[in-house]
Structures are given as C-alpha cells and as structure tokens.
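Engineer: Quick note on this note's numbering: the sequence shown kicks off at 204 and runs consecutively.
Got a structure here, written out as structure tokens. Questions coming.
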Amino acid sequence: MPAELSPIDTAKFVAAKRAVQFIESGMKVGLGTGSTAAWMVRCLAERIRDEGLKVVGVPTSTRTAELARQLGIPITSLDDAKWLDLTIDGADEFDVNLALIKGGGAALLQEKIVATASDQMIVIADAAKEVSQLGNFPLPVEIIPFGWQTTKALIEETLVSLDVLNRDTSIRMNSDKPLITDEANYILDLHLKRIGNPRQLALVLNQIPGVVENGLFIDICDIVVIGHGDGRVTVRDINAGSQAEDQVYFKPTDNIFADLGD
Ligand code: 5RP
C-alpha cells in the first residue's frame, strides 16, 4: 500500500469516488476502462461491500471484467443487460461541449457501444484532460486487420481535405506486433495535433471501409467529474448547464488502497 497517493492518483481517485455517488441500488452500470475507471471500479466495490448496494455492471474490456470479478462486483454482458442506466468511464481529452477523445487504453469500441446504450454517461478525469480544442492526444481509430495498410493510406488521404493540423498516423504496437483489441482488431493512432471539426471527422472516418469505429465521442457524455490533486472535484453537467465544486475526504488508510494492483 502506498504511503501517500500522488496528486495525479488523488485526482483520479476523488473523481471516481464522487462519480460513484450517482449510482443507485437497482441500476445497470457500464464500467469503463483505464486507470481512472479502475479507481471507479474499486470505489463501486467499496459501496457494494459497505452499503449493500445492489447493482450489475457491464464491463467495457476484458481488463475491467477481470478487476470487477476480483472485487466481487456482479457483472453481465450488454446483450443480457440490453440497456443501462449509467456508464462511468475515463477519457483522454474532453472539451467545453464534453466531446471526448477516448481509446488510449484500446477499448474505444466496446466503450462507445456501452456508453451509447446508457441513459447517461459520466466521464471521470483529472483536470489535465480538459482542452480548448481536441486533437493533441492522438485519436485512436479501430480498424480491421485485413488490408490495414490500405485503410491507413485511405485515412491519410481523407485527412487532406479535413480541418486538422497534422496527418501522421501510426499503428499501435504491442512490443514487435500490432496490438490486438478485445474485438481482434488493430488501433491506428492519428497524430492530428488539432481537430477543427470533431463531428465532421467522426462521420467521415466511419465511412471508410476497414474502419470499425473512431475514438471521438460526440453528444454521448452528459456529465464530467473533474478531480484535482488536492481532493477537490468539479461536477459539470452539460444538459443542466451547471457546475458545482465539492471536496472528497478520504483516509489514505482506507481499505480501497490495499486493492492497488495495476
Ligand atoms: C480506454 C480509454 C480510457 O478511458 C482513457 O484512455 C483514459 O485512461 P486513463 O484513465 O488511464 O487516463 O478510453 O480505451
């Protein structure tokens, strides 16, 4: 158990801790992927243990499913759950409209399907993820392995007519081989630096044969819970047009930190 959480882990943890307060007994909840989402899974497990909260989770990756199982969170498939009350997930970038870049953890396809099948999506993020314009974080695009070099070339050609600053792309690797996603696809990272029109880019990318899905989440996220290194949280609700500040109190000796394994 770490003696003290770093400011970045504190920020992720307090965002997660505040976000799980939105979960009520009886809910079906989409469980995101990544280091911030892993904190959320731990915080949810704590509420199930301490308060007897009755929920069922739908994981967005094999990693999250494994963590949820380890922590005793009941899980099921999306096909079984069909429709969810809420999904809580991390993001790589979010803007003022709560448009997101996701997929840094290569789980964007299941994440987008699960978030879109939810009444509400809450993003949890440290403050560094907020940007005035999307695109500094490389945009992940899930593509099928068949003919992937042709798909890469087509994407690069398509980018010429779009409002982006840079057009380099790279296939995501896992040591010396392309990384394989949970759906047995590849990830192409687009190093665009700046995305002038995220909505147009998302639509155009998905027209290209070989593209399965892109990491732009537009009009999907409802609320962002932003964590800060001093334990403060900001809750911004795009539909209500509201923003509230809060403080999350915790003891570094809480049981939850004993679960740290990744
Ligand atoms: C995984 C994701 C993650 O939510 C995103 O990469 C943020 O991860 P982290 O919380 O570790 O910064 O989209 O596909």
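Quick reminder that beta carbons are idealized off the backbone N, C-alpha and C, glycines included.
Since the structure is predicted, the reported quantities are computational estimates derived from the model, not experimental observations.
#1: Can the beta-carbon of residue 408 be found closer than 8 Å to that of residue 400?
#2: Could you name the residues whose beta carbon sits closer than 6 Å to any heavy atom belonging to the ligand 5RP, keeping them in chain order?
#3: With DSSP as the reference, label residue 450 as helix, strand or coil.
#4: Could you check how far apart the C-beta atoms of residue 232 and residue 260 are, in whole angstroms? I think they sit under 8 Å.
#5: Given this structure, state the Cα-to-Cα distance separating residue 447 from residue 343, to the nearest angstrom.
#6: Along the chain, which unbroken stretches of the beta strand (DSSP E) at least 3 residues long are found entirely within the segment 255 to 329?
#7: Leaving out five residues on either side along the sequence, give the residues of the same chain with a beta carbon under 6 Å from the beta carbon of residue 336.
#8: Can you pull the DSSP bridge partners for residue 524?
#9: Compare the beta carbon distance of residue 393 and residue 368 with 8 Å and say whether it is the shorter of the two.
#10: By alpha-carbon positions, which one of 378, 243, 306, 314 ends up nearest to residue 391?
#11: Helix, strand or coil for residue 412, going by three-state DSSP, please let me know.
#12: Between the Cα of residue 214 and those of 444, 349, 431, 225, spot the shortest distance and give me the residue it belongs to.
#13: Short check: CB of residue 429 to CB of residue 218, under 8 Å?
#14: Should residue 389 be labelled buried (16 or more other beta-carbon atoms within 10 Å of its own) or exposed?
#15: How about residue 292 and residue 318: are their beta carbons less than 8 Å apart?
#16: So does the segment 240 to 251 actually touch the segment 280 to 294, counting three or more Cβ pairs closer than 8 Å?
#17: Please report the residue range of the beta strand (DSSP E) in which residue 437 lies.
#18: Can you pull the DSSP bridge partners for residue 419?
#19: Please work out which residues of its chain come closer than 7 Å, Cβ to Cβ, to residue 450, disregarding the five sequence neighbours upstream and downstream, and give them in chain order.
#20: Quick check on the DSSP output: the alpha helix (DSSP H) that includes residue 337 runs from which residue to which?
Structural biologist: Reading from the atomic positions:
#1: Residue 400 sits away from residue 408, with the two beta carbons spaced by 8 Å or more.
#2: With the cut-off at 6 Å, the residues found are 235, 236, 237, 238, 239, 240, 292, 293, 294, 295, 305, 306, 307, 308, 309, 310, 311, 314.
#3: strand
#4: 5 Å
#5: 31 Å
#6: 259 to 262, 287 to 292, 321 to 329
#7: Within the same chain, Cβ atoms closer than 6 Å to the Cβ of residue 336 are found at 397, the five residues on either side in sequence being excluded.
#8: For residue 524 there is no data in the structure shown, the boundaries of the chain being 204 and 465.
#9: no
#10: 306
#11: coil
#12: 431
#13: yes
#14: buried
#15: By the CB criterion at 8 Å, residue 292 and residue 318 fall inside the cutoff.
#16: The answer is yes - the segment 280 to 294 touches the segment 240 to 251, with three or more Cβ pairs under 8 Å.
#17: 435 to 440
#18: 304
#19: Contacts found: 434, 435.
#20: Judged by DSSP secondary structure, residue 337 falls outside any alpha helix (DSSP H); it is assigned neither H nor E.
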